[in-house]
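Residue numbers (the working numbering), protein chains in the order written: chain A, 1 to 319; chain B, 1 to 530; chain C, 1 to 75.
Heads up: the structure comes next, in structure tokens.
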Amino acid sequence: MKYLKKIIPVFLTLAVTAGMLYLVSILTSPKSNTQEAGHDAWAAYGFEAEPADSIDVFLLGDSESRSSISPMELFHNEGFTSYCCGINLNTLCEVSDMLHLVLKYHHPKLMILECNAIFTEFTWKDAFETAAAHYFPVVHWHNRWKTLTKEDFTSIPHYDKVEVRKGYYHSSFADPAPPYMVDRYMAASDEREPLDGINRWYLKHIVSICRKQGIEVLMMSMPSARNWTTLKHNTCSDQAQALGIPFIDLNVMREEIPIDWNLDTRDRGDHLNNDGMRKVCSWLGPWLKETYQLEDHRQDSSYDKNWTALYDEYIERIS
Amino acid sequence: MISYCSIEYLLIFLPVVFLGYQILPKSVRRYFLLAASYGFFWYLSGPLLAWHVAVCVCVWLTGLRLQHLLNERNKAVKAAERGQRKAIKEACAGRMRRWVILAGVVCFGILLSLKYTPFFVENLNGLFRHLGIHIQMKVPSFAVPIGISFYTLQAMSYVYDVQKEKIPADGNFFRLTMWLSFFPLLMEGPIARYGSLAEKIWEVPRIQGENFQKGLWRILYGVMKKMLVADRVNTAVELLYTDFANYDGGMVFLAAVLFTLQEYMEFSGTIDIVIGTGECLGFVLPENFNQPFFAKTISEFWTRWHISLGAWLRDYLFYPLSMSQPLKNLTKKCRARLGNHYGPLVTSSVALFAVWLFNGLWHGAGWSYIFFGMYHFSLIVTGSFLAPPVIAFCEKHKIDRKWFFYRLFQMLRTALLVSIGEMFFRALSLKHGLSMFARMIRHASLSSFTDGTALKLGMDLPDYLIVAAAVLFVFVISLLKERGCNVRERLYAKPVLVRALVTGLLVTLILLFGAYGKGYVPVDPIYANF
Amino acid sequence: MERLYEILEEMQPEYDYHTETALIDDHLLDSLTVLALISELEDEYDITIPAVEIVPENFNSAQAMWKLINRLMEE
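So this is what it looks like as structure tokens:
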């Protein structure tokens, strides 16, 4: 009884605090996955609006991933569905958080882990904040108290806006990479890019979660003259081998994917533009479909609404 | 830099310490607490911990030596004739003084050489250049252990108190060390006295529910002050103090006010976390703030702001100096000529000069800190000098000095003078400080408050509003405290659900309105560098 | 004792020294008054008041001061 008297206030305090944080989390979270609603990565979260279990392939990573692959392009040509969840400067802890969210709505066959994000440095404190924001989104959205609208007080978050580009970040603009960058790009080396312990831990964690769910994992690096190096290639190759998963580096496949760094990049060799993306997809699409035995949904009428019917609009948006 | 207001301290270190403290048996508990303190020190300063241990050993041995001398003296006094007693006492006092000086040389020697050598060498080089002597020394730079200025003062207060028989020397090295390294006190004080604390920490009482709840509230209140105000104004303060030349006088004034606010919220917020930590464990740590902005004069301000430093300077510098024989004689002479107010004023000015020079230098090795000390010295002496005529003036013109508006005027005037002092304190150098002051006067203008400049400092309107709301909240709490109402006491008397709601509300306010996450740089603990 | 009250009243006539018990704690006597007072007491009673004795407990009331004076006179 005495023990109970001590423990009740503790639990009551924790419960009340959690309840209040939950309420302000609902209040501050954007009410829709759109820019107008105040979402900072609305495109990446569009998969929540897709019918449950309707996506075959997910792409996790940073901005390299969402600039190199367009799910709509892949669907139109090969018939399987995919989604880009890349967010600018995403770190592995955020990627892992995204993975948990994805698995809440979908059970894909393949998870592509874009490799540049593996190297982005972060601390255990960032990981802690990401974890806290997972349970109490107010930790992430707290600055939205400045811009709250009437809707924020009267409705709850509802991410039902179907994204036409499925997370792809388009650009029809070409800004050539400087010659010195192209010269130095993928210069031969035996050295390895260092990888922090916490990054390694998260990499393992992500792979093991997918394994448990029976989802295949593929490590893939996207073409980037600015960000990708042979050192990173070597490290990724080691890691993939140790984890027992395949790794393909699109940067070394110059015959299959002949990126022209004068024409195919939108920002001086950092990210690809539409032309670069098309080169990637025209090789990657058939390869993925064959390697992972992905189903062709183009004749399936249940995919009409969110995919087939949106293709024209997609073409219009990206050009 | 790590602070008490960090995930590491609040969510990892503290829970581990609380848990270990509670479950371990009493005999182990105190060593656990000591290990936690040294672990904390090591985490912040690494091997520099050796300097701290050196100081602990030094004052421990000195204390024992002094106690030995005192015991011998007492025996001798008992045995001696009445007439000889005075001589024995004086002989002993002389011997003790030598040991105290030795300890002072060691403790302050470490502090001075680690912290002040670069400043000293720089100025010596400057002097040589000025005199045309071609000697230039390399300016050394030393890593300084965390909180050295705080624990050195604590260590010396112990030696002095033993010498003056206020406390017996502590034979237990670990008890003494625990008090000199107690982790909440390490970074920003308060400067605690041995007599009021060491024994209590060593008793390591079990954590009590009531203490824990109240301590937790105090911690959350401190975190709130820091994250809602100090961190939110940080961008603006940084910008204004670096680029003040691009702004008009109004903005420079804003810089002075914002920094004063930031410093108060940061320092007193940290002290809230410190005292709250102590309270959770069941220790009463000394208060460091007593609603400073309700002070009516500068000298009153210093009895309400950084109280533990002011008290240290009063007890170990001001009174020993002004009660020394030469100054006592001076008091006597001046009193005969100038009366009971202006007579002692002469003496106390001499002592105060030393106090404020020490105070300025204690804050840091730099001319701006010395200037800061002299600024307050002049204000206090001027204040005392003007006090009688002001009283006479008020009486002549029938102004009631207890009238609300008169007191309000005094408080605002004091706050203004303090803010200007803090501007010199924060400025990147004395030169910067002086040009900021000149700019404030010469380019006095309010236009930048209306033309949108104030909103381009990294703070938008909602930022200003939330800062204002938080300041108002702190003001109300302070006002209640000033009126003698203990808010936490009252809240604790409420039903358990209300108490839970209060805790929840504080956490929610911090996480909702705190300035943290991407785009925010929290302010470094301002006093931890001293 | 009566002489002590006289001295105190000379210094600061505003307060009733028979009843006040927090002269220092309530900031009724400032440090200048304390210095003047000590100087006066030393002369009057032919004692030496050391700096360590200047603590609130010794100066908060006339009673406390009287105790201090007597203690120092005995030494």
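Note that the Cβ used here is the ideal one computed from N, Cα and C, for glycine as well.
Short CB-CB distance (under 8 Å) between residue i and chain B
| i | result |
| --- | --- |
| C:I54 | yes |
| C:A62 | no |
| A:E216 | no |
| C:L68 | no |
| C:M73 | no |
| C:A51 | yes |
| C:A36 | yes |
| A:H142 | yes |
| C:M11 | yes |
Beta carbon proximity, residue i to chain A, threshold 8 Å
| i | result |
| --- | --- |
| B:I7 | yes |
| B:V496 | yes |
| B:P389 | no |
| B:P522 | no |
| B:G276 | no |
| B:P525 | no |
| B:P140 | no |
Distance, residue j Cα to residue i Cα
| i | j | result |
| --- | --- | --- |
| B:E81 | B:Y160 | 29 Å |
| B:F267 | B:Y527 | 7 Å |
| B:Q67 | B:L430 | 45 Å |
| A:I259 | A:L21 | 49 Å |
| B:G132 | B:K138 | 17 Å |
| B:L479 | B:A87 | 55 Å |
| B:L261 | B:V229 | 8 Å |
| B:I167 | B:R73 | 16 Å |
| C:T82 | B:C58 | What the structure shows of chain C is the stretch from 1 to 75, and residue 82 of chain C is not part of that stretch, so it cannot be assessed. |
| A:D270 | A:I112 | 20 Å |
| A:R278 | A:I69 | 8 Å |
| A:V207 | A:A43 | 24 Å |
| B:T235 | B:Y241 | 10 Å |
| B:K225 | B:G269 | 5 Å |
| A:Q293 | A:N143 | 45 Å |
Assigned secondary structure, residue i (DSSP; H/G/I helix, E/B strand, else coil)
| i | result |
| --- | --- |
| C:V55 | coil |
| B:M137 | coil |
| B:T177 | helix |
| A:C85 | coil |
| A:T265 | strand |
| B:L428 | coil |
| A:M219 | strand |
| A:M253 | coil |
| B:L197 | helix |
| A:F58 | strand |
| A:I112 | strand |
| B:I191 | coil |
| A:I322 | Beyond the ends of chain A as shown, which are 1 and 319, falls residue 322 of chain A; an answer cannot be given. |
| B:I207 | coil |
Boundaries of the alpha helix (DSSP H) in which residue i is found, first to last residue
| i | result |
| --- | --- |
| B:M374 | W367 to K396 |
| B:E345 | Note on identity: in this sequence residue 345 of chain B is Leu, with Glu being the wrong assignment. It spans Q325 to H363 - the alpha helix (DSSP H) in which B:L345 sits, taken as one unbroken run. |
| B:L309 | I307 to L313 |
| C:N70 | A62 to E74 |
| B:F259 | G249 to L281 |
| A:C281 | N274 to T291 |
| C:A36 | S31 to Y45 |
| A:C236 | T230 to L243 |
| B:Y38 | K26 to S45 |
| A:M98 | L92 to Y105 |
| A:H76 | P71 to E78 |
Chain C within 8 Å of residue i, Cβ atoms only
| i | result |
| --- | --- |
| B:R193 | no |
| B:K75 | no |
| B:T542 | Any question about residue 542 of chain B goes unanswered here, given that chain B covers just 1 to 530. |
| B:L66 | no |
First and last residue of the uninterrupted beta strand (DSSP E) at residue i
| i | result |
| --- | --- |
| B:D463 | Premise fails: B:D463 lies in the alpha helix (DSSP H), L461 to E482, not in any beta strand (DSSP E). |
Any non-hydrogen atom of the ligand ADP closer than 7 Å to residue i Cβ
| i | result |
| --- | --- |
| A:D296 | Here there are no bound small molecules, and the ligand ADP is not part of this structure. |
Checklist entry - In the region 498–512 of chain B, which residues sit with their C-beta less than 8 Å from some C-beta in chain E, listed in chain order? => result This model lacks chain E altogether; the protein chains it does include are A, B and C.
Next on the checklist: Extract the residue ranges of the alpha helix (DSSP H) inside the region 129–210 of chain A, only unbroken runs of 4 or more that lie entirely within it.
Outcome noted: 138–141, 150–154 and 179–184
Next on the checklist: Going residue by residue through the region 77–157 of chain B, where are the continuous alpha helix (DSSP H) segments of at least 4 residues, counting only ones entirely within it?
Outcome noted: 85–131
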